[in-house]
Every structure is written in C-alpha cells, then in structure tokens.
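Novice:
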Amino acid sequence: MKSAFFAGSFNPFTIGHESIVNRALTLFDRVVIGIGFNAEKGLTHDLEERAELIRSYFAGRPEVEVKIYAGLTAKEARRSNCTHLLRSVRSAADFEYEKNLADANRNIFGIDTFILYAEPELSFISSSLIRELNRYGVDTSKFIPKKNL
0 MKSAFFAGSF NPFTIGHESI VNRALTLFDR VVIGIGFNAE KGLTHDLEER AELIRSYFAG
60 RPEVEVKIYA GLTAKEARRS NCTHLLRSVR SAADFEYEKN LADANRNIFG IDTFILYAEP
120 ELSFISSSLI RELNRYGVDT SKFIPKKNL
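In terms of numbering that gives the first Met the number 0, the sequence shown opens at residue 0 and continues consecutively.
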C-alpha cells in the first residue's frame with residue numbers, strides 16, 4: 000500500500016492544500032496530513048483545533064488521516080508507515096527548495112518525496128497570504144475548504 004505524508008503548519012489549511020490532498024489520493028492509497036509544530040510561523044489556531052478543522056474537510060474519507068507532530072518530518076512519516084513524503088510547489092523558487100530537501104531526505108532517511116505542482120489557478124494562494132489579508136479584514140472564506148458534514 001502506497002501512502003504519503005503531507006506535512007505543513009497549515010495555518011490555515013487552504014483550498015490549495017485540499018487540492019494537493021485530493022490529487023494525491025488518485026496516486027496513493029492513503030494520505031496522512033501532518034501538522035508540524037513550527038514556532039517560527041505565528042499560530043492563529045491551536046494545533047488540536049486546526050487538526051479537527053482539517054478532519055472536518057475530509058469527513059467520511061478514511062483514506063485521509065490527520066495528526067500533529069513535532070520533530071523531523073521524515074522520521075514522523077516513517078512512524079506513520081508512509082512510503083513517501085508529499086510536497087507541493089507553486090513556483091520555481093519553491094521547487095529549488097523542495098528538490099534540495101527531497102535529496103536530503105532520500106540520502107539521510109531513505110524516503111522518497113513526491114512533488115505535485117499547484118494548479119495554476121491556485122498557485123497564488125498561501126497560508127501567509129490568507130493571514131495577511133485577514134489582518135486587514137479581507138474576506139478569505141473562498142480560499143478555505145468547506146466542511147464535509
């Protein structure tokens with residue numbers, strides 16, 4: 000069974016992230032969304048609250064798991080029985096960073112990275128952009144997934 004570990008701070012989880020997970024599920028049997036604790040990125044939601052919100056987006060889809068973790072992503076992917084790391088890129092600058100990280104993870108931890116490009120119409124969306132727009136009172140709800148109830 001092929002499974003992918005999709006790591007991020009997801010602060011907030013956007014329709015861009017949702018698109019990556021949905022597309023990955025056409026290639027992998029299972030996707031684990033790992034919410035990593037990253038003190039450098041300001042937190043707007045408590046980690047458990049964020050995990051519950053992401054779970055609500057994928058309710059009724061047992062092939063998607065959500066977990067909180069701290070530490071090295073590649074090690075957590077292995078602990079989660081994932082065969083691959085899943086990453087997404089929006090630009091050439093993202094690709095350069097992700098390629099170097101993928102090479103390191105393969106050489107140090109023996110885990111391959113699968114990279115999906117953001118859909119062009121979603122490539123401008125980032126969690127930092129959403130947080131910035133929110134600070135100025137801009138409605139960003141169209142960039143956030145709808146809950147599956």
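Using N, Cα and C, we set each Cβ at its ideal position, and we do this for glycine too.
Everything numeric in this text was worked out from a predicted model, so none of it was measured.
Alanine 101 and arginine 86: beta carbons closer than 9 angstroms?
Specialist: Yes, these two residues count as a Cβ contact at 9 angstroms.
Novice: In terms of residue numbering, what span does the beta strand (DSSP E) encompassing histidine 66 cover?
Specialist: What sits at residue 66 in the sequence shown is lysine, not histidine. Element bounds for lysine 66: 63 to 68.
Novice: Which two residues bound the contiguous alpha helix (DSSP H) that contains aspartate 93?
Specialist: First-last of the alpha helix (DSSP H) with aspartate 93: 91 to 108.
Novice: Report the option in Ala92, Val88, Asn10, Phe5 whose CA atom is closest to the CA atom of isoleucine 143.
Specialist: With distances taken between Cα atoms, isoleucine 143 lies closest to Asn10.
Novice: Starting from serine 2, trace the alpha helix (DSSP H) in both directions and tell me its first and last residue.
Specialist: Premise fails: serine 2 lies in the beta strand (DSSP E), 2 to 7, not in any alpha helix (DSSP H).
Novice: Short of 8 angstroms in beta carbon distance, which residues of its chain neighbour isoleucine 19, apart from the five on each side in sequence? Order them along the chain.
Specialist: Closer than 8 angstroms at Cβ, skipping near neighbours: Phe5, Leu85, Ser87, Leu115, Ala117.
Novice: Leaving out five residues before and five after threonine 139 in sequence, what residues of the same chain have Cβ atoms less than 7 angstroms from its Cβ?
Specialist: Taken in chain order, the residues that qualify are Ile129, Leu132, Asn133.
Novice: Considering only their Cβ atoms, is the gap separating cysteine 81 from isoleucine 124 smaller than 9 angstroms?
Specialist: Not closer than 9 angstroms, so no.
Novice: Tell me whether tyrosine 56 sits in a helix, a strand or coil according to DSSP, three-state version.
Specialist: The answer is helix: DSSP assigns tyrosine 56 an H, G or I state.
Novice: When burial is assigned at 16 or more other CB atoms within 10 Å of the CB, is asparagine 147 buried or exposed?
Specialist: Classification for asparagine 147: exposed.
Novice: Suppose contacts are defined by Cβ-Cβ distances below 9 angstroms. Is alanine 50 in contact with arginine 29 by that definition?
Specialist: Their beta carbons are not under 9 angstroms apart, which means alanine 50 does not touch arginine 29 by this criterion.
Novice: I'd like the list of long-range same chain contacts for serine 122, defined as Cβ closer than 6 angstroms, with 5 residues on each side in sequence excluded.
Specialist: Around serine 122: Arg89.
Novice: In chain order, what residues of the same chain have a beta carbon less than 7 angstroms from the beta carbon of asparagine 104, not counting five sequence neighbours either side?
Specialist: Counting only Cβ-Cβ distances below 7 angstroms, and skipping sequence neighbours, we find Ala73, Leu84, Ile110, Thr112.
Novice: By DSSP, does threonine 79 sit in helix, in strand, or in coil?
Specialist: Looking at the sequence itself, residue 79 is serine, so the reference to threonine does not match. In this structure, serine 79 counts as coil in the three-state DSSP scheme.
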